[in-house]
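Take 29 as the starting number for the first sequence in the numbering used here and just add one per residue.
All residues carry an ideal CB built from backbone N, CA and C; glycine is no exception.
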Amino acid sequence: MNIFQTFKSRIDSVIGDLMTEGALPAGLDLTRVAAEPPREASHGDIATNAAMILAKPAGKPPRAIADMLVERLKKLPDVTDASVAGPGFINLKINDDIWRGALRDVLAEGVSYGDAAIGGNVPVNVEYVSANPTGPMHVGHARGAVIGDALANLLAKAGYKVTKEYYINDAGGQVDNVARALRMRYLQVLGKVTADDVKGALERKEIQYGGEYLIPCAEALAKRDGDKWVNVADDAQWIPPLRDFTVEFMMRIVKEDLAAMGIKHDVFTSEKKLTQAGKIDDALKFMDEKGLTYTGVLEPPKGKTPDDYEPRPQLLFKATEFGDEIDRPLKKSSGAWTYFAADIAYHKDKVDRGFFDLVNIWGADHGGYVKRVEAALKAITGGRGKLDVLLAQMVRVFNNGEPVKMSKRAGTFVTMRDLIDEVGKDVVRFIMLTRKNDAPLDFDYAKVTEKSRENPVFYVQYAYARGRSVFRHAAEMFAGADLSDKGLAAANLARLTDPDEIGVMRLMASWPRTVEGAALAHEPHRLAFYMYDLASAFHALWNKGNDAVELRFLQADDKEVSLARLALVRAVGLVIASGLAVFGVEPVEEMR
RNA sequence: GACCCCGUAGCUCAGCUGGAUAGAGCACCCGCCUUCUAAGCGGGUGGUCACAGGUUCGAAUCCUGUCGGGGUCGCCA
29 MNIFQTFKSR IDSVIGDLMT EGALPAGLDL TRVAAEPPRE ASHGDIATNA AMILAKPAGK
89 PPRAIADMLV ERLKKLPDVT DASVAGPGFI NLKINDDIWR GALRDVLAEG VSYGDAAIGG
149 NVPVNVEYVS ANPTGPMHVG HARGAVIGDA LANLLAKAGY KVTKEYYIND AGGQVDNVAR
209 ALRMRYLQVL GKVTADDVKG ALERKEIQYG GEYLIPCAEA LAKRDGDKWV NVADDAQWIP
269 PLRDFTVEFM MRIVKEDLAA MGIKHDVFTS EKKLTQAGKI DDALKFMDEK GLTYTGVLEP
329 PKGKTPDDYE PRPQLLFKAT EFGDEIDRPL KKSSGAWTYF AADIAYHKDK VDRGFFDLVN
389 IWGADHGGYV KRVEAALKAI TGGRGKLDVL LAQMVRVFNN GEPVKMSKRA GTFVTMRDLI
449 DEVGKDVVRF IMLTRKNDAP LDFDYAKVTE KSRENPVFYV QYAYARGRSV FRHAAEMFAG
509 ADLSDKGLAA ANLARLTDPD EIGVMRLMAS WPRTVEGAAL AHEPHRLAFY MYDLASAFHA
569 LWNKGNDAVE LRFLQADDKE VSLARLALVR AVGLVIASGL AVFGVEPVEE MR
């Protein structure tokens, strides 16, 4: 139940009446008319911009429309006052029972409070992580993973039918390269070469992956196959089996790490399988039939001309017709499909599976790739498909202000597993969501575990834990009382009269619209800020009891007011838990 | 050279898709523990929303340009 939505439709129907009566011209567009909490609580409970929105199309000054509306709005149920302010805002004051009703909704719905129907059960595909199976995931992947997972949860909460998907890049040159590196490590494990030999090969660029994480993989290979591959010289003989072995090994690690992060994808799509099933050929044939491709020559790239550039005719996608800068190549000089060609097939595959609403989470270094995939989706769906690519910006890792050195060459990068081991998955997940995806994020091991207001994870968890503490005391003070959510819903909430108590209820009443707004904007981080605000209001209320003893939640001689306040405390906990559930974070019962 | 992201208090960041006097935390100053966890709370100081134009009842938000920071730039994935 979204109170603001309820009032928006009531306001709409008042305007509708005025149109029917001829006081306003018929057919006015009301989509931009909003009912929202005013910036200043002192202005009232609900503000609407209706008069200002309608002024121009109605051909009347905003104040005139506002005056007319105010008369009608005053008569609406639950409205105690309506007034015009500023340039034409209408502020409504409503009966406090509305907020008390919201509190009851929270108790009745539990962590489902805030669930919305705006998604209309429309299928949405959220593709995230999709890290190459060439090594363990690092901090950057962790951020993308958390953003994608939380966004998927958020969209599900908002009523979309969400599929969480992972694209495995198990075809192409990179997996061949990792197979070459694995072979070196394999030889090392069998004592045929030394660690220095491996290092040398890396420096001579004979292999590209020098990380020691390949050693366990090589050991597993040696255990399975013995020295079977030592004397096999023909690339075509050993690369495919070793590549498959590595991919399988790495994907197992990836899945384990994701599980440790609390992430489970519904669908894993393999680029290799897509290729083998002929999906790329099919997709390109489809494009060709639609006249979306041609053979042509590209200009050399400006600013950074590759040494080996030579103009040649190649198969291109008419990306410029769909908003891209240049037409994009589909075939390499070797005759193999480009990564982009495979990606077109992959996105077409998603569409063929019924998804027209797609979200991809990528690292910011892939920003240059966005337009061409958007163009491709537009082309293959005739404009029907929607793709939103969220770029996860850089994460910088610190320890108490000191940057943690990362070098991919030396293999000393911070892995996702490092983060989880160091501070726990709940902290990682929450912190990753305290910034919008396109802003850089600083992750400081020391600060994210600090117990202070500066640390949002702690601050929100502390609010929840404090609430639980009150309940532990209440169970003693009122032994035998029904403190279940259902029992508390029956409390006499009219006893909640303090402005700060009303304020907390008001904040909880805006949780559903916060969820909707965040879902529509694909911005899960908004929930982090909401939770922080709610926690703050709760801590303030708690502390008010320091000065005013009569405001403490538990009053031994007044069970009725105590139960009403317990209902409030519980509801705050439930709303926080509802937000944490979207984030995939467990609320804590007690701070230790 | 082109494209993408960013520029808001001394610092780190919000700003609910165009609304009212731009908000938090940190830092700095002043208060609050015989108390359900003071791991907290209240108050104060602090802003030309990078800059210049434009769009309209109204712009931090949308458009154009400039400056500054980051990223990317056929046949890598």
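- In this structure, E578 is the residue among Y241, E578 and A420 with its C-alpha nearest to the C-alpha of D526.
- In the displayed model, Q342 falls within a strand according to three-state DSSP.
- By the CB criterion at 8 Å, A565 and L535 fall inside the cutoff.
- CA-CA distance, I448 to G531, rounds to 37 Å.
- Taking 8 Å as the cut-off, the beta carbon of L58 is found closer than this to the beta carbon of D40.
- For D109, the enclosing beta strand (DSSP E) begins and ends at V107 to A113.
- For E529, the enclosing alpha helix (DSSP H) covers residues P527 to A537.
- For the pair P328 and K378, the Cα-to-Cα distance works out to about 33 Å.
- C-alpha of E478 to C-alpha of A605: approximately 21 Å in a straight line.
- Setting aside the 5 residues that flank it on each side, I43 is surrounded in the same chain by L52, L56, L58, V61, A78, L82 and L97, each with a C-beta closer than 8 Å to its C-beta; the list follows chain order.
- By the neighbour-count definition (other C-beta atoms within 10 Å, threshold 16), V325 is an exposed residue.
- The three-state reading of DSSP puts L469 in strand, counting E and B together.
- Rounded to the nearest angstrom, the gap between the Cα atoms of R340 and A173 is 39 Å.
- In the structure shown, F296 adopts extended strand secondary structure according to DSSP, grouped into three states.
- The stretch 146-162 and the stretch 186-199 touch, with three or more beta-carbon pairs separated by less than 8 Å.
- Going by C-alpha positions, P89 is about 31 Å away from N30.
- Between the stretch 199-210 and the stretch 247-267 there are three or more inter-stretch CB-CB distances shorter than 8 Å, so the stretches are counted as touching.
- Within the same chain, N30 and F32 come within 7 Å of R541 by CB-CB distance, once the 5 residues on both sides are set aside.
- According to the DSSP assignment, I354 belongs to no alpha helix (DSSP H), since it is labelled neither H nor E.
- In the same chain as D416, and ignoring 5 residues on each side of it, the C-beta atoms closer than 8 Å to its own belong to L386, V387, N388 and H550, in chain order.
- 8 Å or more divides the Cβ of Q421 from the Cβ of L461.
- Here the stretch 603-619 makes contact with the stretch 452-459; the two share three or more CB pairs at distances below 8 Å.
- The C-beta separation of I126 from L101 comes to about 15 Å, leaving the pair out of contact by the 8 Å criterion.
- The stretch 260-274 and the stretch 141-153 do not touch, with fewer than 3 CB-CB distances between them shorter than 8 Å.
- Between L131 and L521, the gap from beta carbon to beta carbon is short of 8 Å.
- Cβ neighbours of M279 within its own chain (closer than 6 Å, five residues either side excluded): P161.
- Excluding its 5 nearest sequence neighbours in each direction, V451 has C-beta neighbours in its own chain below 7 Å: Y473, V476 and T477, listed in chain order.
- The alpha helix (DSSP H) runs lying completely inside the stretch 166-241 and spanning 4 residues or more are 167-185, 201-217 and 223-231, given in chain order.
- Looking from the CA of A493, the closest CA among D585, R598, E544 and L405 belongs to R598.
- Fully enclosed alpha helix (DSSP H) runs of no fewer than 4 residues occupy 263-288, 299-304 and 307-317 of the stretch 259-327, in order along the chain.
- Here DSSP, grouped into helix, strand and coil, assigns A75 to strand.
- Between R400 and D352, the CB-CB gap stays under 8 Å.
- A distance below 7 Å between beta-carbons, with the five flanking residues on each side excluded, links D106 to the following residues of its chain, in chain order: I122, N123 and I126.
- As the crow flies, the alpha-carbon of L602 is around 10 Å from that of P615.
- A136 and G87 have their C-alpha atoms spaced approximately 46 Å apart.
- Counted as a single uninterrupted DSSP element, the stretch harbouring R424 is not any alpha helix (DSSP H) but the beta strand (DSSP E) occupying residues V423 to N427.
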